[in-house]
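S.K.: When the letters of the sequence shown are read in order and numbered with the numbering used here, they come out as residues 37 to 288. All residues carry an ideal CB built from backbone N, CA and C; glycine is no exception. Nothing here was measured: the structure is a model prediction, and the numbers come from that model. Below is a structure I'd like to ask you about.
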Amino acid sequence: MSAVIPPIRPEYERTLEPFTALPVERALPLGARIASHTWLRKGLILAVIAVLWELSARWQDNDLLLPTFTATARALIEGLASGELVEKVRISLAVLLQGYLAGVLLAFGLTTLAVSTRIGRDLLDTLTSMFNPLPAIALLPLALLWFGLGRGSLVFVLIHSVLWPLALNTYAGFQGVPETLRMAGRNYGLKGLRYVLQILVPAALPSILSGLKIGWAFAWRTLIAAELVFGASSGKGGLGWYIFQNRNELYT
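Here is the structure:
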């Protein structure tokens, strides 16, 4: 029985004509080009908020309760021109950076200990469970008893506001590092601080940056609230005292 051989089709090439019925590139509409720029979208949102603020203030017609946007902008320019607002910002930033950097160093040391030893991991878990839910401003009376009226109390509450969220985010980032990278570091003989700096930190950088941003926001919030209390008690301070003083004088 002979095998059936299928017919062999002859080879050929078919040249495709270029499609020129529609243009390859087409200009986007003006609205689409504007919407593609992030800074323009954010600027538009801020402009809409400013207009709504101005209209609401003019409709209410009570500068003590809600000053207009133009009056607020004018007061901001006057404060910057006189140098008073700049000095208050400088005082607040000096305290903020001191407490923020101290909190970052402590968080890095605590997470390094947590990924190196079991005792460190248990210590981090216990401390964060106890202190992370506690608002930093709630420790202000204790800070006043320990450090008195001064920079020490502010730095203490700032460290508390930065330390725990940064430590949690950093440790979560360390835990998410792939096991392949961990094995590569161990194969190269990396241990302790070198292992953390060369393997864990680069791999967990997004989580670390997220923790730094959260800590910075918490630090600003805590600083202003604490300076309001210190301003009421000592009559000096940074932006918090500036807000407290203008509120008492009904200079809104």
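Tell me whether leucine 175 is buried or exposed, calling it buried when 16 or more other Cβ atoms sit within 10 Å of its Cβ.
M.R.: The residue in question, leucine 175, is buried, as its Cβ has 16 or more Cβ neighbours within 10 Å.
S.K.: Alpha carbon to alpha carbon, how far is methionine 217 from isoleucine 235?
M.R.: Strictly speaking, residue 217 in this sequence is leucine, with methionine absent from that position. If I take the Cα positions, the gap works out to 7 angstroms.
S.K.: Use the C-beta contact count for glutamate 263: other C-beta atoms within 10 angstroms, 16 or more gives buried, fewer gives exposed.
M.R.: Its Cβ being crowded by 16 or more others within 10 Å, glutamate 263 is buried.
S.K.: Helix, strand or coil for tyrosine 231, going by three-state DSSP, please let me know.
M.R.: It is helical.
S.K.: From Val193, Gln134, Thr164 and Gly188, pick the residue whose C-alpha is nearest to that of alanine 261; which is it?
M.R.: Of the listed residues, the one whose Cα sits closest to alanine 261 is Val193.
S.K.: With a CB to CB cut of under 6 angstroms and the five nearest residues on each side skipped, what residues in its chain are close to valine 208?
M.R.: In the sequence as presented, valine is not what sits at residue 208; that position holds alanine. Correct list, in chain order: Ser243.
S.K.: Unbroken alpha helix (DSSP H) runs of length 4 or more, entirely within the region 182 to 225: which are they?
M.R.: Fully enclosed alpha helix (DSSP H) runs of 4 or longer: 187 to 211 and 215 to 223.
S.K.: Going by alpha carbons, who is nearest to glycine 251 out of Gly228, Gln281, Gly225 and Ala203?
M.R.: It is Ala203.
S.K.: Identify which residue in Ile173, Trp200 and Asn282 has its Cα closest to the Cα of leucine 190.
M.R.: Here the closest residue by C-alpha is Ile173.
S.K.: Measure the alpha-carbon distance for alanine 71 versus arginine 187 and round it to whole angstroms.
M.R.: Approximately 46 angstroms, taken between the alpha carbons.
S.K.: Helix, strand or coil for threonine 153, going by three-state DSSP, please let me know.
M.R.: Correct three-state label for threonine 153: coil.
S.K.: Grouping DSSP H, G and I as helix and E and B as strand, with all else coil, what is threonine 148?
M.R.: In the structure shown, threonine 148 sits in a helix (DSSP, three-state: H, G or I).
S.K.: Mapping DSSP to helix, strand and coil, what is isoleucine 279?
M.R.: Reduced to three states, the DSSP call for isoleucine 279 is helix.
S.K.: List in chain order: all unbroken alpha helix (DSSP H) runs of 4+ residues lying wholly within the region 93 to 172.
M.R.: Qualifying alpha helix (DSSP H) stretches, in chain order: 105 to 118, 120 to 152 and 154 to 167.
S.K.: Assuming the contact rule is C-beta atoms closer than 8 angstroms, asparagine 205 and glycine 247 should be a hit. Round their C-beta distance to whole Å, please.
M.R.: With a Cβ gap of about 3 angstroms, asparagine 205 and glycine 247 count as contacting.
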